[in-house]
Amino acid sequence: MKILRLYKILLKKHGPQNWWPCEGEKYGNEEIAIGAILTQNTSWRNVEKALENLRKFNLLSLNAISKVPVTQIANLIKPSGFYNQKAKRLKLFASYITANYGSLKRFFEQNKSLNELRNELLGLKGIGKETADSILLYAGFKPVFVVDKYTYRLFINEKILQPNEKFDYEKIRSMVEEEIKEVKDMQEFHALIVAEGKERNANKKKRSRHK
(Lines of atoms letter the chains of each structure in order from A and count residues from 1; the text may use other names and numbers.)
(Lines give C-alpha, C1' and ligand atoms only; values in the text may rest on other atoms or scores of the structure.)
Protein backbone atom coordinates (compact mmCIF):
# COMPACT_ATOMS: atom_id res chain seq x y z
CA MET A 1 0.00 0.00 0.00
CA LYS A 2 2.86 2.36 -0.81
CA ILE A 3 0.70 4.65 -2.93
CA LEU A 4 -2.02 5.07 -0.32
CA ARG A 5 0.63 5.78 2.31
CA LEU A 6 2.24 8.39 0.06
CA TYR A 7 -1.17 10.03 -0.45
CA LYS A 8 -1.66 10.35 3.32
CA ILE A 9 1.85 11.77 3.78
CA LEU A 10 1.32 14.41 1.08
CA LEU A 11 -2.11 15.31 2.43
CA LYS A 12 -0.67 15.88 5.90
CA LYS A 13 2.22 17.91 4.47
CA HIS A 14 0.39 20.14 1.98
CA GLY A 15 -3.21 20.03 3.20
CA PRO A 16 -6.30 19.78 0.93
CA GLN A 17 -5.72 21.38 -2.48
CA ASN A 18 -9.41 21.66 -3.45
CA TRP A 19 -8.85 21.23 -7.16
CA TRP A 20 -10.11 22.03 -9.79
CA PRO A 21 -10.03 25.83 -9.36
CA CYS A 22 -13.22 27.05 -11.02
CA GLU A 23 -15.25 30.22 -10.56
CA GLY A 24 -18.17 29.35 -12.78
CA GLU A 25 -21.41 27.85 -11.49
CA LYS A 26 -23.75 27.50 -14.46
CA TYR A 27 -21.03 26.10 -16.76
CA GLY A 28 -18.62 24.95 -14.06
CA ASN A 29 -17.78 21.56 -15.54
CA GLU A 30 -17.32 23.07 -18.99
CA GLU A 31 -14.96 25.70 -17.61
CA ILE A 32 -12.94 22.87 -16.09
CA ALA A 33 -12.79 21.06 -19.43
CA ILE A 34 -11.72 24.24 -21.20
CA GLY A 35 -9.02 24.75 -18.59
CA ALA A 36 -7.81 21.18 -19.03
CA ILE A 37 -7.18 21.83 -22.72
CA LEU A 38 -5.58 25.23 -22.12
CA THR A 39 -3.20 23.94 -19.46
CA GLN A 40 -1.35 21.71 -21.94
CA ASN A 41 2.34 22.74 -21.90
CA THR A 42 1.85 25.81 -19.71
CA SER A 43 1.38 26.91 -16.10
CA TRP A 44 -1.99 27.36 -14.44
CA ARG A 45 -1.18 31.05 -13.92
CA ASN A 46 -1.23 31.52 -17.70
CA VAL A 47 -4.41 29.49 -18.02
CA GLU A 48 -6.16 31.73 -15.49
CA LYS A 49 -5.40 34.76 -17.66
CA ALA A 50 -6.83 33.02 -20.72
CA LEU A 51 -9.94 31.91 -18.82
CA GLU A 52 -10.48 35.45 -17.60
CA ASN A 53 -10.35 36.71 -21.18
CA LEU A 54 -12.92 34.11 -22.22
CA ARG A 55 -15.08 35.01 -19.22
CA LYS A 56 -15.17 38.69 -20.23
CA PHE A 57 -16.68 37.70 -23.57
CA ASN A 58 -19.05 35.08 -22.08
CA LEU A 59 -17.15 32.26 -23.76
CA LEU A 60 -16.84 29.83 -20.89
CA SER A 61 -19.44 27.43 -22.25
CA LEU A 62 -18.87 24.93 -25.03
CA ASN A 63 -21.99 26.12 -26.81
CA ALA A 64 -20.61 29.68 -26.95
CA ILE A 65 -17.16 28.56 -28.09
CA SER A 66 -18.66 26.41 -30.85
CA LYS A 67 -20.32 29.49 -32.35
CA VAL A 68 -17.34 31.88 -32.61
CA PRO A 69 -14.45 31.88 -35.09
CA VAL A 70 -11.22 30.08 -34.19
CA THR A 71 -9.35 33.37 -34.67
CA GLN A 72 -11.38 35.02 -31.91
CA ILE A 73 -10.71 32.12 -29.53
CA ALA A 74 -7.00 32.21 -30.36
CA ASN A 75 -6.78 35.93 -29.65
CA LEU A 76 -8.40 35.53 -26.23
CA ILE A 77 -6.34 32.54 -25.09
CA LYS A 78 -2.92 33.94 -26.08
CA PRO A 79 -1.65 33.93 -22.47
CA SER A 80 -1.87 30.11 -22.44
CA GLY A 81 0.70 29.71 -25.24
CA PHE A 82 0.36 27.63 -28.43
CA TYR A 83 -2.87 29.59 -28.81
CA ASN A 84 -3.56 28.83 -32.47
CA GLN A 85 -3.25 25.10 -31.84
CA LYS A 86 -5.26 25.22 -28.63
CA ALA A 87 -7.97 27.35 -30.24
CA LYS A 88 -8.49 24.68 -32.90
CA ARG A 89 -8.63 21.97 -30.22
CA LEU A 90 -11.12 23.94 -28.14
CA LYS A 91 -13.30 24.64 -31.16
CA LEU A 92 -13.25 20.97 -32.20
CA PHE A 93 -14.02 19.75 -28.69
CA ALA A 94 -16.78 22.31 -28.14
CA SER A 95 -18.37 21.68 -31.54
CA TYR A 96 -18.30 17.90 -31.07
CA ILE A 97 -19.84 17.91 -27.61
CA THR A 98 -22.45 20.53 -28.51
CA ALA A 99 -23.47 18.89 -31.79
CA ASN A 100 -23.73 15.38 -30.34
CA TYR A 101 -24.89 15.97 -26.76
CA GLY A 102 -25.87 19.58 -26.30
CA SER A 103 -23.71 19.97 -23.20
CA LEU A 104 -20.83 18.31 -21.37
CA LYS A 105 -23.22 17.35 -18.58
CA ARG A 106 -25.25 15.26 -21.01
CA PHE A 107 -22.09 13.68 -22.37
CA PHE A 108 -21.23 12.47 -18.87
CA GLU A 109 -24.80 11.26 -18.27
CA GLN A 110 -24.68 8.80 -21.18
CA ASN A 111 -25.35 5.16 -20.45
CA LYS A 112 -21.77 4.30 -21.37
CA SER A 113 -18.89 2.82 -19.44
CA LEU A 114 -16.00 4.96 -18.25
CA ASN A 115 -13.78 3.29 -20.83
CA GLU A 116 -16.22 4.16 -23.62
CA LEU A 117 -16.38 7.81 -22.52
CA ARG A 118 -12.60 7.93 -22.28
CA ASN A 119 -12.10 6.45 -25.73
CA GLU A 120 -14.58 8.92 -27.18
CA LEU A 121 -12.58 11.84 -25.80
CA LEU A 122 -9.30 10.30 -26.93
CA GLY A 123 -10.73 10.06 -30.43
CA LEU A 124 -10.80 13.86 -30.67
CA LYS A 125 -7.71 15.47 -32.18
CA GLY A 126 -5.54 17.15 -29.57
CA ILE A 127 -7.07 15.32 -26.59
CA GLY A 128 -4.43 13.06 -25.08
CA LYS A 129 -4.66 10.78 -22.07
CA GLU A 130 -3.76 13.38 -19.45
CA THR A 131 -6.27 15.90 -20.84
CA ALA A 132 -9.04 13.33 -21.28
CA ASP A 133 -8.57 11.98 -17.77
CA SER A 134 -8.48 15.50 -16.30
CA ILE A 135 -11.83 16.22 -17.95
CA LEU A 136 -13.30 12.91 -16.77
CA LEU A 137 -12.00 13.18 -13.20
CA TYR A 138 -12.54 16.86 -12.43
CA ALA A 139 -15.41 17.86 -14.73
CA GLY A 140 -17.24 14.53 -14.82
CA PHE A 141 -16.34 13.15 -11.36
CA LYS A 142 -15.42 9.83 -12.96
CA PRO A 143 -13.01 7.45 -11.16
CA VAL A 144 -9.97 7.73 -13.39
CA PHE A 145 -6.56 8.91 -12.20
CA VAL A 146 -4.60 11.61 -14.02
CA VAL A 147 -0.94 10.77 -14.58
CA ASP A 148 1.69 13.39 -15.41
CA LYS A 149 5.47 13.74 -15.32
CA TYR A 150 5.32 14.84 -11.67
CA THR A 151 3.67 11.50 -10.84
CA TYR A 152 6.34 9.56 -12.72
CA ARG A 153 9.27 11.38 -11.10
CA LEU A 154 7.77 11.15 -7.62
CA PHE A 155 7.08 7.43 -7.96
CA ILE A 156 10.67 6.89 -9.10
CA ASN A 157 12.01 8.90 -6.15
CA GLU A 158 9.76 7.09 -3.67
CA LYS A 159 10.74 3.70 -5.12
CA ILE A 160 7.18 2.89 -6.18
CA LEU A 161 8.61 2.48 -9.67
CA GLN A 162 11.98 0.95 -10.43
CA PRO A 163 14.96 3.27 -11.12
CA ASN A 164 15.22 4.08 -14.83
CA GLU A 165 11.81 2.51 -15.48
CA LYS A 166 10.24 3.97 -18.61
CA PHE A 167 7.18 6.21 -18.36
CA ASP A 168 4.07 4.04 -18.84
CA TYR A 169 0.88 6.08 -18.41
CA GLU A 170 -1.53 3.16 -18.24
CA LYS A 171 0.60 1.17 -15.83
CA ILE A 172 0.91 4.07 -13.39
CA ARG A 173 -2.80 4.87 -13.68
CA SER A 174 -3.73 1.27 -12.90
CA MET A 175 -1.34 1.16 -9.94
CA VAL A 176 -2.98 4.19 -8.36
CA GLU A 177 -6.53 3.04 -9.09
CA GLU A 178 -5.83 -0.29 -7.37
CA GLU A 179 -5.19 1.51 -4.07
CA ILE A 180 -7.23 4.71 -4.31
CA LYS A 181 -10.87 4.15 -5.23
CA GLU A 182 -12.82 7.31 -4.41
CA VAL A 183 -13.10 10.14 -6.93
CA LYS A 184 -12.44 12.86 -4.33
CA ASP A 185 -9.27 11.06 -3.24
CA MET A 186 -8.08 10.70 -6.84
CA GLN A 187 -8.70 14.42 -7.38
CA GLU A 188 -6.84 15.31 -4.21
CA PHE A 189 -3.93 12.94 -4.79
CA HIS A 190 -3.21 14.30 -8.27
CA ALA A 191 -3.32 17.88 -6.97
CA LEU A 192 -1.00 16.97 -4.08
CA ILE A 193 1.47 15.34 -6.46
CA VAL A 194 1.60 18.56 -8.49
CA ALA A 195 2.15 20.60 -5.31
CA GLU A 196 4.94 18.28 -4.20
CA GLY A 197 6.53 18.26 -7.65
CA LYS A 198 6.57 22.05 -7.83
CA GLU A 199 8.08 22.28 -4.35
CA ARG A 200 10.84 19.81 -5.19
CA ASN A 201 11.63 21.63 -8.42
CA ALA A 202 11.83 24.95 -6.57
CA ASN A 203 14.13 23.45 -3.94
CA LYS A 204 16.35 21.95 -6.64
CA LYS A 205 16.69 25.37 -8.31
CA LYS A 206 17.60 26.98 -4.98
CA ARG A 207 20.30 24.39 -4.34
CA SER A 208 21.76 24.84 -7.82
CA ARG A 209 21.94 28.62 -7.35
CA HIS A 210 23.87 28.22 -4.10
CA LYS A 211 26.48 25.90 -5.54
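Residues in the sequence shown are numbered from 3 upward in steps of one, following the numbering used here.
C-beta: ideal position from N, C-alpha, C; glycine also.
**OP:** Examine the Cβ distances between the stretch 34-53 and the stretch 70-81 and report whether three or more of them are shorter than 8 Å.
**Re:** yes
Subject >> Spatial neighbours of GLU100 in its chain, beta-carbon cut-off 8 Å, leaving aside the 5 residues before and after >> reply: Going by the sequence as given, residue 100 is Thr instead of Glu. If we look at THR100 and ignore the five residues flanking it on each side, its Cβ neighbours are LEU64, ASN65 and SER68.
Original post:
Is it true that the CB of ILE5 sits closer than 8 Å to the CB of ILE162?
Top reply: yes
**OP:** Leaving out five residues on either side along the sequence, give the residues of the same chain with a beta carbon under 6 Å from the beta carbon of ASP135.
**Re:** VAL146 and VAL148
Subject >> Outcome for LYS58 when other beta-carbon atoms lying within 10 angstroms are tallied against a minimum of 16 >> reply: exposed
Original post:
Which value, in whole angstroms, describes the spacing of the CA atoms of LEU139 and GLU32?
Top reply: 13 Å
**OP:** For ALA233, I'd like the list of residues in its chain whose CB is within less than 6 Å of its CB, leaving aside the five on either flank, ordered along the chain.
**Re:** Residue 233 lies beyond the range of the chain shown here (3 to 213); nothing can be said about it.
**OP:** Go through its chain and collect everything with a Cβ distance to GLU132's Cβ below 7 Å, but skip five positions before and after it.
**Re:** VAL148, VAL149 and ASP150
Original post:
Which residue comes first and which comes last in the alpha helix (DSSP H) that contains ASN159?
Top reply: 151-159
Original post:
Run through DSSP, which three-state label would ASN205 get?
Top reply: helix
Original post:
Would ALA35 pass as a contact of ALA193 if the rule is Cβ separation under 8 Å?
Top reply: no
Original post:
Rounded to the nearest angstrom, how far is the Cβ of ILE195 from that of MET188, given a contact under 8 Å?
Top reply: Going by Cβ atoms, the distance from ILE195 to MET188 rounds to 11 Å, so no, they are not a contact pair.
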